[in-house]
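Numbering (the working numbering), first residue to last: 14 to 67.
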């Protein structure tokens, strides 16, 4: 399961159910403030399922 702190600029993630696609345009800023575990621990989901990297 992907969390925002693992996403890189240019990555594309999609939902296997509804085929929504999301492209990362800017990296997560949580890495820089020391709260990665706190803020980036929830996996990104759509239709109740984790997003898949394309």
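Glycine included, C-beta positions come from ideal geometry on N, C-alpha and C.
The model shown is predicted, which means the values in this text are computed figures rather than measured ones.
Beta-carbon proximity list for residue i, same chain, < 6 Å, skipping 5 on both sides
i, result
"residue 36", "25"
"residue 57", "15, 64"
Beta-carbon proximity of residue i to residue j, cut-off 7 Å
i, j, result
"residue 14", "residue 63", "yes"
"residue 28", "residue 60", "yes"
Sequence-distant residues of the same chain with beta carbon closer than 8 Å to residue i, five excluded per side
i, result
"residue 40", "20, 21, 22"
"residue 42", "none"
"residue 38", "22"
Same chain only: Cβ atoms within 7 Å of residue i, ignoring 5 sequence neighbours per side
i, result
"residue 53", "16, 17, 18, 41, 43"
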